[in-house]
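Asker:
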Amino acid sequence: MTRRLIGPSLMAAAMFVVLIGLGVWQIERLHWKEGILAAIAAAERLPAEPLPSQPLPFHKYRITGHYAPALALYGDEVRDGPRGPLIGGGLLQLFLADDGRAIVVQRGWVPEAALGAFAEASPPITLEGYVLPPERPGWFTPHDDPAHLRFYRRDPQALATAWGQPGLAPFVFIALGPTPPGGAPDPAHSLPRPPNDHLSYALTWFGLAAALAVIYLIWLRGALRA
Numbered sequence: 005m006t007r008r009l010i011g012p013s014l015m016a017a018a019m020f021v022v023l024i025g026l027g028v029w030q031i032e033r034l035h036w037k038e039g040i041l042a043a044i045a046a047a048e049r050l051p052a053e054p055l056p057s058q059p060l061p062f063h064k065y066r067i068t069g070h071y072a073p074a075l076a077l078y079g080d081e082v083r084d085g086p087r088g089p090l091i092g093g094g095l096l097q098l099f100l101a102d103d104g105r106a107i108v109v110q111r112g113w114v115p116e117a118a119l120g121a122f123a124e125a126s127p128p129i130t131l132e133g134y135v136l137p138p139e140r141p142g143w144f145t146p147h148d149d150p151a152h153l154r155f156y157r158r159d160p161q162a163l164a165t166a167w168g169q170p171g172l173a174p175f176v177f178i179a180l181g182p183t184p185p186g187g188a189p190d191p192a193h194s195l196p197r198p199p200n201d202h203l204s205y206a207l208t209w210f211g212l213a214a215a216l217a218v219i220y221l222i223w224l225r226g227a228l229r230a
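Quick note: the sequence shown uses my numbering, first residue 5, plus one each step.
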């Protein structure tokens, strides 16, 4: 091999190794993510556990207490209604647990016009659901509008200020359950699943490695003929 081929060949080899390594890494992450998803599916089949002081993500918990009148609407989501599209969002409501904790519960989607219908205390109830940490605003997150009970991030601290309820638990409890006869509030129906796109990422890296090999071989054949 002449000296003029050494540099490009070494560079192509290094790039090939890197691309294959990235593909293998994504395969490893694929197996790791499949394990997480299997654990979530297993947790979903088990009975809900009592809500601990420091709940874990992707676990199903239960807690008993009652809803207080304090509420708000989270986000904007349009759904089809019997008379046309309805704008609404996630109903956030203060839940006073029997163990003394005050918790923000996202009960599910409700039409904006019907928000006031839920502004009342409830009888004792046992909820099942999972928890999410407080959300932080992104670059394009709209500003919260506490005066109109509209929030664009699930943040117990912001809701504590709006509701005049200090000491809220540092998480949001997402209620699980079937859709009620009236359609609202429509809770979550399953535990959240993290996305698992690692196979497509792996195929992309392996595909780039194959393309690099083909391009190198075409270049090498031409260089040897020159």
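We put the beta carbon where it would ideally sit given N, CA and C, even for glycine.
Could you pull the DSSP bridge partners for D149 from this structure?
Answerer: Per DSSP, R154.
Asker: Among the residues of its own chain, which have a CB less than 8 Å from the CB of Y65, if the five just before and after it don't count?
Answerer: A52, E53, P54, L55, P56, P59, E132, G133, Y134, V135, F177, listed in sequence order.
Asker: In whole angstroms, what is the alpha-carbon distance linking Y78 and A47?
Answerer: Cα to Cα, the separation comes out at about 27 Å.
Asker: Run the proximity test for L50: is its beta-carbon closer than 8 Å to any non-hydrogen atom belonging to the ligand PLP?
Answerer: Ligands in the displayed structure: none, and consequently the ligand PLP is not present.
Asker: Looking only at its chain, what residues have a beta carbon closer than 6 Å to the beta carbon of P146, apart from the 5 residues adjacent to it on each side?
Answerer: Within the same chain, P146 has close Cβ partners Y156.
Asker: Whole-angstrom Cβ separation of L172 and A106, contact assumed at under 8 Å?
Answerer: The pair is a contact, with the Cβ atoms about 5 Å apart (cut-off 8 Å).
Asker: H70 bridges to which residues according to DSSP?
Answerer: Answer is L100, bridged to H70.
Asker: By Cβ distance, which residues of its chain are closer than 8 Å to A125, with the 5 residues on each side in sequence left out?
Answerer: Around A125: H70, Y71, A72, P73.
Asker: Assign R158 to one of two classes, buried (16 or more other C-beta atoms within 10 Å of its C-beta) or exposed (fewer than that).
Answerer: It is buried - the Cβ of R158 has at least 16 other Cβ atoms within 10 Å.
Asker: Between the Cα of P115 and those of V109, P89, P138, T130, spot the shortest distance and give me the residue it belongs to.
Answerer: Out of V109, P89, P138, T130, P89 has the C-alpha closest to the C-alpha of P115.
Asker: Between the Cα of P141 and the Cα atoms of A151, H152, A162, which residue gives the shortest distance?
Answerer: If we check each option's Cα against that of P141, A162 comes out closest.
Asker: How far does the alpha helix (DSSP H) with L203 in it reach, from first residue to last?
Answerer: Segment 202-229, the alpha helix (DSSP H) holding L203.
Asker: Whole-angstrom Cβ separation of R197 and L41, contact assumed at under 8 Å?
Answerer: Contact holds; Cβ gap of about 6 Å.
Asker: Taking the CB atoms as reference points, tell me whether G112 and A166 lie closer together than 9 Å.
Answerer: Cβ atoms of G112 and A166: not closer than 9 Å.
Asker: In angstroms with no decimal places, state the Cα-to-Cα distance between L75 and A217.
Answerer: Their Cα atoms are separated by approximately 60 Å.
Asker: CB P191 to CB A206, shorter than 9 Å?
Answerer: In this structure, A206 does not lie closer than 9 Å to P191 by Cβ.
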